[in-house]
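Below you'll find the structure, written out as structure tokens, and then a few comments.
There are 2 protein chains.
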Amino acid sequence: MARRITLKDVSARAGVSTYTVSQALAGKAGVSDETREMVIRTADEMGYVTNVLAANLKGQTSSTVGVMTASGRNQYYSMLVQGIDGVLQQYGLHAVTNDAMRGGVYNAELERESVSALLQQRVALIVATYSLGESSLRAIREWDIPLVFVDSLPPAAAEPCPFVGCDNRLAGELVAEHLAGLGHRNAVFLGFPADWNTRLPREAGFRDAASRLGMSVTTVESENTAEGAYAAMRGHLAEVGSGSFDAIYASNTPLLHGVLRALRDEGLSVPESVSVVGFDEFEWAELLSPSVTVVDQHIEQIGREAGRLIAEIVTEGREVTEHLAIRPDLIIRQSTAPRH
Amino acid sequence: MARRITLKDVSARAGVSTYTVSQALAGKAGVSDETREMVIRTADEMGYVTNVLAANLKGQTSSTVGVMTASGRNQYYSMLVQGIDGVLQQYGLHAVTNDAMRGGVYNAELERESVSALLQQRVALIVATYSLGESSLRAIREWDIPLVFVDSLPPAAAEPCPFVGCDNRLAGELVAEHLAGLGHRNAVFLGFPADWNTRLPREAGFRDAASRLGMSVTTVESENTAEGAYAAMRGHLAEVGSGSFDAIYASNTPLLHGVLRALRDEGLSVPESVSVVGFDEFEWAELLSPSVTVVDQHIEQIGREAGRLIAEIVTEGREVTEHLAIRPDLIIRQSTAPRH
DNA sequence: CGGCCTTTCCTAAACGATTAGGGTGAGTGA
DNA sequence: TCACTCACCCTAATCGTTTAGGAAAGGCCG
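So the protein lines, in turn, are chains A and B.
With this note's numbering, the residue at position 193 of the first sequence is 227, and numbering never jumps.
With this note's numbering, the residue at position 305 of the second sequence is 339, and numbering never jumps.
Quick look at the structure:
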């Protein structure tokens, strides 16, 4: 292809002005039906394809939304992004993802670069799936770019700001009620760093319900990786022994992975010695031995709702500050059993 | 922010022409060092951020690459894309992903829309991770957009065309040699549809080596989902009984999942009744009981190599047609054992 | 000193769309 | 018939950059 067909080429061939072509193709008013049809016909005879760069430049709009993740190896995020992307495609939008993890650890420099890249692209909206840094927040606000938090609650500095995610407090309560109902008295909450602010409600809901039900909760701190959880769990066992707790709530899937490995390597059987609950449903949960009880936060639904919300904000320019908390469910499997 | 700072604003404040500012900020020649420094200083004093849309429009270039996937629920693809994206970020490029699956099944209409969306964006390059349809191939070629296949081999119509992926033939050979070495005589190859053209070499390598080693191979056809594999496997067992084979090679992770469920539900124990090998290493492989022997195709490496290749093509305009086959390794675990 | 590079910078025309702000002619009502 | 509206279309400016094609000034050489 020598040169690409432009709107001007189409207008020349169709014998009308570029204005008419533009209106006709965009489906806007001001063009008669016969002209519109004629224009459309010649346009695709010529193989014309709109240049969205030019359209966005002139229109001061953008059809891309930026997604910022800090996923590391947590598959959860990629599923989430996939979900969002699927919806956006239906609205003619597309997502570009920027991850702020390098070599498994959060990297502030990368976050800065990501924000800068998204600004350069003049994205229509930014989706944050973790607690953004102070300077990112400031830059985004300064540029007047709509921000929506998904999964992770907006930090106070970002409010008011729309949010879609799991009701993490409720999730913790469900787990605590389930474990206490099985007769467990001493639970361990295995938490990732509070940099990810989903940590707080996830722990608080668990603690509150547990104390209400007379179950003690010990928090074990862990890096946000399977390896970190493995080390943390073995460390904890070495310190307090296996008799000091009868249940574990691992606050996400990588941590669950680490816990299960640690228990296996310590020779502790699940659920006989200790009950285990994970956060997030995943495909292998049912095939493990024992199959694993988890909180299902309905990630596809979160993705869909987020996509819908984003499309609404971008295409209709609506101001939204609504917080949408999806109700989680407990999927009870073999890794939790009555205490004996 | 009332109005956004443009290059013209910077040039006015700095007292030089837009040309000078442009050259200075882009790090090109034709500007004295002191002027350059002065321009850069005032630019970030003013909080100037390049508008890449405008730059790309004028420069007839693009900093985005399109990635086409047909992933469904196969986590493999999202890891691959993550890998590629990570490298691209370092080159100032970014990826937009378009998936051609709707509701778990391939959708040609979606593929057409994806291609159209990528053309509209004037992407610099397209990455295909599955066998694109005839019309997509034609459109991409007509638009003169570089195409690189990752994971999936280019169809004949697309050659010559660069490729990065696993040496699937070799993978099959490794599996066959391992199984035959354990004394197995009758293997089942569980294959996803040949629409995904990785199927062919993956099966051929296995078959060739098996026949060389005196091991028979029966192919069982399956949809490309865990559910499909489950159904296919149970159907096969109902038809021929469990005594007719002693090993299974599941050609990707969703299929492996279906196989393991089917065997469990049929009460067949692994590896006592049948050895099982999966394709693709995944985090839970080692924690399952039994842990699963898999082919590790080194997906991170594939992603890195692909990213590097893409960056080279886009930023340096190099013409590349090289095929890069990464050597897979077998990770032997408990799901394969000597036949007794 | 005149001619000729170089270096440094500027002017102004693109890139490919969108869209105010008209203009034209037909229809309508008085 | 005239004034007015309305539907349809056009002209030309504009979005924010990059970059040919000079121009001015200084240095160098014979």
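Even for Gly, the Cβ is constructed at its ideal location relative to N, Cα and C.
| query | According to DSSP, is residue 341(A) helix, strand or coil? | reply | What you label residue 341(A) is simply residue 307 of the first sequence in a count that begins at 1. Residue state, collapsed to three classes: helix.
| message | Quick check: is the beta carbon of residue 88(A) nearer than 9 Å to any beta carbon in chain B? | response | The count along the first sequence starts at 1 and reaches residue 88(A) at position 54. Yes, contact with chain B.
| task | Please check if any C-beta of chain A sits within less than 9 Å of the C-beta of residue 115(B). | result | On the second sequence, position 81 is the one that residue 115(B) refers to. Yes - at least one Cβ of chain A is within 9 Å of the one on residue 115(B).
| message | Against residue 151(A), what residues of chain B qualify as contacts under a CB-to-CB distance less than 7 Å, listed in chain order? | response | Numbered from 1 along the first sequence, position 117 holds the residue referred to as residue 151(A). 128, listed in chain order.
| query | What residue from 41(B), 329(B), 248(B) has the CA that sits closest to residue 78(B)'s CA? | reply | Here the question's residue 78(B) lines up with position 44 in the second sequence. Measuring from the Cα of residue 78(B), the nearest candidate turns out to be 41(B).
| How big is the Cα-Cα spacing for residue 360(B) and residue 251(B)? | Counted from its first residue, the second sequence places residue 360(B) at position 326. Counted from its first residue, the second sequence places residue 251(B) at position 217. Going by the C-alpha atoms only, they are around 25 Å apart.
| field | Neighbour list for residue 295(B) in chain A, Cβ cutoff strictly below 7 Å | value | Locating residue 295(B) in the second sequence gives position 261, where the first residue counts as 1. What residue 295(B) touches in chain A: 321.
| said: Quick check: is the beta carbon of residue 332(B) nearer than 9 Å to any beta carbon in chain A? | reply: Working through the second sequence from its first residue, we reach residue 332(B) at position 298. It does not: the Cβ of residue 332(B) has no partner Cβ on chain A nearer than 9 Å.
| Which residues bound the beta strand (DSSP E) around residue 328(B)? | As a first step, residue 328(B) is located in the second sequence; it is residue number 294 there, counting from the start. 327-330 is the span of the beta strand (DSSP E), which, as asked, contains residue 328(B).
| field | Three-state secondary structure assigned by DSSP to residue 229(B) | value | For the purposes of this step, residue 229(B) is taken as residue 195 along the second sequence, with counting starting at 1. Of the three classes helix, strand and coil, the one that applies to residue 229(B) here is coil, per DSSP.
| field | Beta-carbon neighbours of residue 260(A), restricted to chain B and to distances below 8 Å | value | Your numbering for residue 260(A) matches position 226 in the first sequence. 317, listed in chain order.
| task | Using the Cα positions of residue 261(B) and residue 286(B), report the straight-line distance between them to the nearest angstrom. | result | The residue labelled residue 261(B) in the question sits at position 227 within the second sequence. The residue labelled residue 286(B) in the question sits at position 252 within the second sequence. In a straight line, the C-alpha of residue 261(B) is about 13 Å away from that of residue 286(B).
| task | Give the DSSP-derived three-state secondary structure of residue 141(A) in the structure shown. | result | Position 107 of the first sequence, counted from the first residue, corresponds to residue 141(A). Three-state result, residue 141(A): coil.
| Member of 280(B), 67(B), 51(B) whose CA lies at the smallest distance from the CA of residue 311(B) | Counting from 1 along the second sequence, the entry for residue 311(B) is found at position 277. Of 280(B), 67(B), 51(B), the residue nearest in Cα terms is 280(B).
| field | Through-space distance from residue 288(B) to residue 140(B), alpha-carbon basis | value | As a position in the second sequence, residue 140(B) is number 106, starting the count at 1. As a position in the second sequence, residue 288(B) is number 254, starting the count at 1. Their Cα atoms are separated by approximately 15 Å.
| request: Flag this pair as yes or no: are the beta carbons of residue 96(B) and residue 184(B) separated by less than 9 Å? | output: Counting from one through the second sequence, the residue named residue 96(B) turns up at place 62. Counting from one through the second sequence, the residue named residue 184(B) turns up at place 150. No.
| task | Alpha carbon to alpha carbon, how far is residue 352(A) from residue 346(A)? Give it in angstroms, no decimals. | result | For the purposes of this step, residue 346(A) is identified with residue 312 of the first sequence, where counting begins at 1. For the purposes of this step, residue 352(A) is identified with residue 318 of the first sequence, where counting begins at 1. So the two alpha carbons sit approximately 7 Å from each other.
| query | Residues bridged to residue 360(A) by DSSP? | reply | Here residue 360(A) corresponds to residue number 326 of the first sequence, with the count starting at 1. In DSSP, residue 360(A) forms a bridge with 200(A).
| task | Could you name the residues that DSSP lists as bridge partners for residue 310(B)? | result | Within the second sequence, residue 310(B) is the residue found at index 276, counting from 1. Per DSSP, 282(B).
| request: Return the CA-CA distance between residue 179(B) and residue 129(B), expressed in angstroms with no decimal places. | output: Position 145 of the second sequence holds residue 179(B). Position 95 of the second sequence holds residue 129(B). Cα-Cα distance, rounded: 15 Å.
| said: Once DSSP output is grouped into helix, strand and coil, what is the label at residue 101(A)? | reply: Working through the first sequence from its first residue, we reach residue 101(A) at position 67. If DSSP states are grouped into helix, strand and coil, residue 101(A) belongs with the strands.
| query | What are the start and end residues of the alpha helix (DSSP H) that includes residue 300(A)? | reply | Locating residue 300(A) in the first sequence gives position 266, counting from the first residue. Residue 300(A) -> alpha helix (DSSP H) spans 287-300.
| Residues of chain A with CB under 8 Å from residue 76(B), in chain order? | As a position in the second sequence, residue 76(B) is number 42, starting the count at 1. Neighbours of residue 76(B) on chain A: none; closest Cβ ~18 Å, over 8 Å.
| request: State the DSSP-derived secondary structure class of residue 128(A), mapped to helix, strand or coil. | output: The residue given as residue 128(A) occupies position 94 in the first sequence. Looking at residue 128(A) - three-state DSSP - the assignment turns out to be strand.
| said: Among the candidates 195(A), 245(A), 54(A), whose CA atom is the shortest distance from the CA of residue 162(A)? | reply: As a working note, residue 162(A) is residue 128 in the first sequence. Residue 162(A) has its Cα closest to that of 195(A), out of 195(A), 245(A), 54(A).
| With distances taken between CB atoms, is the gap from residue 342(B) to residue 121(B) smaller than 9 Å? | Along the second sequence, read from residue 1 onward, the residue named residue 342(B) stands at position 308. Along the second sequence, read from residue 1 onward, the residue named residue 121(B) stands at position 87. Against a cut-off of 9 Å, the Cβ pair of residue 121(B) and residue 342(B) comes out as a contact.
| message | Contact criterion: CB-CB distance below 9 Å. Does residue 98(A) meet it with respect to chain B? | response | In the first sequence, residue 98(A) corresponds to position 64, counting from 1. Closer than 9 Å to some Cβ of chain B, the Cβ of residue 98(A) qualifies, so yes.
| task | Please list, in chain order, all residues of the same chain as residue 135(A) whose beta carbon is under 7 Å from its beta carbon, the five residues on each side excluded. | result | For the purposes of this step, residue 135(A) is identified with residue 101 of the first sequence, where counting begins at 1. Cβ neighbours of residue 135(A) beyond the five flanking positions: 104, 105, 106, 141.
| What are the start and end residues of each continuous beta strand (DSSP E) run of 3 or more residues lying completely inside the segment 171-200 of chain B, in chain order? | 181-184, 197-200
| message | For residue 283(B) and residue 223(B), which I take to be in contact (beta-carbon distance under 8 Å), what is that distance rounded to the nearest angstrom? | response | Here residue 283(B) is taken as the residue at index 249 of the second sequence, counted from 1. Here residue 223(B) is taken as the residue at index 189 of the second sequence, counted from 1. Indeed, because the Cβ distance is near 5 Å, the residues count as touching under 8 Å.
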